[in-house]
Amino acid sequence: MTTPWSPAQIAAAAPDRSSETAARGLASKWTETGRSDRALWGVCRGSGASNYLASVDLTGPAYRCSCPSRKFPCKHALSLLMQWSAGSVPEGSAPDAVTAWLKSRAEKAEKATTSEDTPPKETDPAALQRRLERAAAGLEDLDRWLTDRIRNGLGSVDHGYATYDEIAGRMVDAQVPGVAGALRALPSVVATHEDWPARVLGEYARLHLLIRAFRSLAELPEPLVRSVCTHLGFPTRTDEVRREPAVRDRWQAVASRTTEDNRIYTRKLWLRGRDTGRWAVVLDFSHGTTRFDAEAPVPGTLVDADLHFYPGAAPLRALIGTRHAAPEPFTTLRATDFDAALSDYAGALGADPWIRSWPVLLSAVTPTRIDDRWWLVDRAERALPLAGDLDSRWRLLAVSGGHPVTVCGEWDGHAVTPASVFEPGQEAVAL
1 MTTPWSPAQI AAAAPDRSSE TAARGLASKW TETGRSDRAL WGVCRGSGAS NYLASVDLTG
61 PAYRCSCPSR KFPCKHALSL LMQWSAGSVP EGSAPDAVTA WLKSRAEKAE KATTSEDTPP
121 KETDPAALQR RLERAAAGLE DLDRWLTDRI RNGLGSVDHG YATYDEIAGR MVDAQVPGVA
181 GALRALPSVV ATHEDWPARV LGEYARLHLL IRAFRSLAEL PEPLVRSVCT HLGFPTRTDE
241 VRREPAVRDR WQAVASRTTE DNRIYTRKLW LRGRDTGRWA VVLDFSHGTT RFDAEAPVPG
301 TLVDADLHFY PGAAPLRALI GTRHAAPEPF TTLRATDFDA ALSDYAGALG ADPWIRSWPV
361 LLSAVTPTRI DDRWWLVDRA ERALPLAGDL DSRWRLLAVS GGHPVTVCGE WDGHAVTPAS
421 VFEPGQEAVA L
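Written as structure tokens, this is what we have:
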């Protein structure tokens, strides 16, 4: 039998806090509920004569409801999980509609597994050559632009949005969108950081090194070639990724965050291998809704699964492949101290000098605020700067109560940006 989720794990699955609050208000609305080793289901009374059939496939998890909500999971699915957590969902036989849904999902999963054995599509050599030529011309243009700005001095050139947007547009035309994104981020750096000259100079150096690497692609080892292409913004097909060797582990979901930009929702899931200690990040995208096609384990749960990593010199992004068991809650974490975390970052940066950040899972650190500056302080009274939005930092401080906690986040060489904090008992709280 699958272990019921904790309230913290249900909260982590909620698309927003208002959905979680609304779900609590439905406790008395359930007319019938049931569960099996694989799924939950139940009928919830709606307004008027409407009744909604909600179901949860615990092996995903995946959610389904007959209500019209665009949020995912909806308040009915969340409320059903809450009933299960409280021990109020008895064993039973699933309704035909739920059985049919579970069967359909199993068939799709089988089809997806079969498709992994299909050879990836061949890249059109002529199209690839044209792209490489456009990229080469664009990057030479960028190198001249960077050289001119360094020659004139950072303090005497314009750092406004229009200036960077113009050169970024030229990089889009050159089909190197990764470079364009890096350029468009620089005006914000200038506006928000006192040490902006050092940061801008560092970014210019990063771009110059990327240009130099592109010129020497033929001389680089294959993993580094893949990293260069990724940072330039060349796409990697998912069918190609799924052909990469599988890495099986008991992957602990330690944090998840969903962001929105121009109606494009991005879900970022941090996974940590319980046996290998290896990090993985799973990214999913959806337009106009948080209904992501791919399923992801909820923070605070562990899944025995194969991961396929995107190729590169410091592989981090991955796709979830075959799952060997349903997600289960975990009670122990493979957290590290500052030294081990910074060593991991240094190793990744040495392999791929263009990475922006690297995940960390820090044990026994106390969030501290001194003179409007934020820190994570370890037991030896060493401190790392704490970044992130102000709400996240205050929430982290509130959850910790001023005591040592385990924090998951990312270190970028300047500060830790927190993504989740683990309370006693290793329950994840999103930040």
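Read left to right, the sequence shown gives residues 1 to 431 (the working numbering). Built from N, CA and C at the ideal position, the CB exists for glycine as well.
Excluding its 5 nearest sequence neighbours in each direction, Thr289 has C-beta neighbours in its own chain below 6 Å: Arg70, listed in chain order. By the criterion of a C-beta distance shorter than 8 Å, Leu217 is surrounded in its chain by Val225 and Val228, once the five residues flanking it on both sides are discounted. When the Cα atoms are used, Ala14 and Leu154 turn out to be separated by approximately 45 Å. Residues Ala168, Gly169, Met171, Val172 and Gly233 of the same chain have their beta carbon placed closer than 8 Å to that of Ala180, with the five preceding and five following residues left out of the count.
About 4 Å separates the Cβ atoms of Leu307 and Ala318, confirming a contact at the 8 Å cut-off. In this structure, Arg38 lies near Thr59, with their beta-carbon atoms less than 8 Å apart.
From the listed residues Leu210, Arg379, Arg130 and Met82, the smallest Cα separation to Asp352 is found for Leu210. Taking the CA atoms as reference points, Thr238 sits about 13 Å from Thr230.
Close CB contacts of Leu316 within its chain, under the 7 Å cut and outside five residues either way in sequence, are with Trp279, Ala280 and Val281 (chain order). With respect to the 8 Å criterion, Val303 and Arg334 are not classified as neighbours on the basis of their beta carbons.
When the five nearest sequence neighbours on each side are left out, the beta carbons in the same chain lying within less than 8 Å of the beta carbon of Leu26 are those of Cys44, Lys75, His76 and Ser79, in order along the chain. Per DSSP, the beta bridge partners of Ser420 are Cys408 and Ala430.
Residues of the same chain with their beta carbon placed closer than 7 Å to that of Glu194 are lacking, with the five preceding and five following residues left out of the count. Within the stretch 50-120, complete alpha helix (DSSP H) segments of at least 4 residues are found at 75-85 and 96-115, given in chain order.
In the DSSP assignment, the residues bridged to Trp279 are Arg272.
Annotation for Trp41: the continuous beta strand (DSSP E) segment containing it runs Ala39 to Arg45. For the pair Pro359 and Leu397, the CB atoms are not nearer than the 8 Å cut-off. DSSP places Gly178 within a helical segment (H, G or I) once states are collapsed to three. Residue range Trp30 to Arg35 is occupied by the beta strand (DSSP E) that includes Glu32. The way I'd put it, the stretch 181-200 does touch the stretch 160-167; three or more beta-carbon pairs between them come closer than 8 Å. If you check the CB distance, Arg356 and Asp391 do not come in under 8 Å. Following the DSSP letters along the chain, one finds Ser19 inside the alpha helix (DSSP H) bounded by residues Arg17 to Arg24.
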